[in-house]
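*Asks:* First the structure, which I've put down as structure tokens, then a few questions once you've had a look.
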Amino acid sequence: MASCIVVLGPPGSGKGTQCAILADELKYAHLSTGDLLRREVASATPLGQELKAILASGELVSDEVVLGLLRSGMEDSLAKGAGFILDGYPRSVGQAELLETLLGELGVELKVVVSLLVSSDVVTERILGRAASDSSARTDDNEETIRKRLTVFMEKTAPVSDYYRAKQLLSEIDGHQDVSSVAEEIRSHVR
Ligand code: AP5
């Protein structure tokens, strides 16, 4: 049975960084809903135009759109015989329930849910640092939108941890450590 790993955490907590490391080590596909959405925006389709404004606002995109993009990413990985790591999904309890149904349909086991714990001050500093060093900065990497993204995280995504804790799938990790220490801790939960 193919496996799936979920990595949760606030904006800038290191989800993308850690999922890339883990995907490379496990030979899993790295499915980032943020990257899938940004790719759609870059393709300049009518849907991409709609998504552009939502991403720049820091609000969540509709469950229907995100699930559609994610499902094709999952099907592609399964066709190649690979499991996958979800980066940025689920972002609400509703999405966690949709994921459970989808994994059931695809015959995939949810192995572990890793939650990176990082303070709002540290994630803000990291995101602003990324914006300052990257000439193609993201439209949501500015102080006002970071505040919005953090509010959305607290209201909608934080309860997802309780959902998985109740299912005994949650592993919480101190994400303030350096990248390799966080990766080492994640490895110990994934083995
Ligand atoms: P998404 O792309 O998922 O963005 P995010 O959750 O805001 O997270 P980031 O990509 O900013 O950070 P990260 O946690 O991946 O950290 P990273 O490794 O990059 O989503 C963007 C938007 O898309 C959402 O706001 C929403 O609109 C929409 N969306 C996405 N998913 C959705 C869904 N499921 N439903 C609805 N809408 C959805 O690291 C950040 C920085 O810190 C980097 O510079 C990195 O080098 C550095 N860093 C990483 N780890 C460390 C460390 N340990 N120490 C020091 N620096 C570190």
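Going by my numbering, the sequence shown opens with residue 995, and the numbers climb by one from there.
C-beta: ideal position from N, C-alpha, C; glycine also.
#1: Say yes only if the C-beta of Leu-1072 is nearer than 7 Å to one or more non-hydrogen atoms of ligand 1, and no if none qualify.
#2: For ligand 1, is there any heavy atom lying closer than 7 Å to the beta carbon of Gly-1006?
#3: Under the rule that 16 or more other beta-carbon atoms within 10 Å means buried, what is Asp-1070, buried or exposed?
#4: Here's the rule I'm using: 16 or more other beta-carbon atoms within 10 Å means buried, otherwise exposed. How should Asp-1081 be labelled?
#5: Check the C-beta distance from Val-1154 over to Ile-999 and give it rounded, since I have them as a contact under 8 Å.
#6: Do you know offhand how far Pro-1040's Cα is from Leu-1031's?
#7: How should Ala-1017 be labelled, buried or exposed, when 16 other C-beta atoms within 10 angstroms of its C-beta is the threshold for buried?
#8: Throw me the rounded Cβ distance for the Leu-1054 and Lys-1142 pair, which I believe falls under 8 Å.
#9: Just how far apart, CA to CA, sit Gly-1052 and Met-1148?
#10: For Gly-1006 versus Ile-1121, is the C-beta distance shorter than 8 Å?
#11: In this structure, does DSSP put His-1024 in helix, strand or coil?
*Replies:* Judging by the given coordinates:
#1: The count along the sequence shown starts at 1 and reaches residue 1072 at position 78. No, the beta carbon of Leu-1072 sits no closer than 7 Å to any heavy atom of ligand 1.
#2: On the sequence shown, position 12 is the one that residue 1006 refers to. Yes, Cβ of Gly-1006 sits closer than 7 Å to a heavy atom of ligand 1.
#3: Residue mapping note: residue 1070 aligns to position 76 of the sequence shown, counting from 1. So Asp-1070 ends up on the exposed side.
#4: Here residue 1081 is taken as the residue at index 87 of the sequence shown, counted from 1. Buried.
#5: For the purposes of this step, residue 1154 is identified with residue 160 of the sequence shown, where counting begins at 1. For the purposes of this step, residue 999 is identified with residue 5 of the sequence shown, where counting begins at 1. Actually they are not in contact, since the Cβ atoms of Val-1154 and Ile-999 sit about 15 Å apart, beyond 8 Å.
#6: Residue numbering aside, residue 1040 sits at position 46 when the sequence shown is read from its first letter. Residue numbering aside, residue 1031 sits at position 37 when the sequence shown is read from its first letter. Distance between the alpha carbons of Pro-1040 and Leu-1031: 13 Å.
#7: Residue 1017 sits at position 23 when you count from the first residue of the sequence shown. By the 10 Å Cβ count, Ala-1017 comes out buried.
#8: Here residue 1054 refers to the residue found at position 60 of the sequence shown. Here residue 1142 refers to the residue found at position 148 of the sequence shown. Leu-1054 to Lys-1142, Cβ: 11 Å. No contact.
#9: Numbered from 1 along the sequence shown, position 58 holds the residue referred to as residue 1052. Numbered from 1 along the sequence shown, position 154 holds the residue referred to as residue 1148. Straight-line Cα distance between these residues: approximately 13 Å.
#10: As a working note, residue 1006 is residue 12 in the sequence shown. As a working note, residue 1121 is residue 127 in the sequence shown. Yes, they are a contact pair.
#11: For the purposes of this step, residue 1024 is taken as residue 30 along the sequence shown, with counting starting at 1. His-1024: strand per DSSP, three-state reduction.
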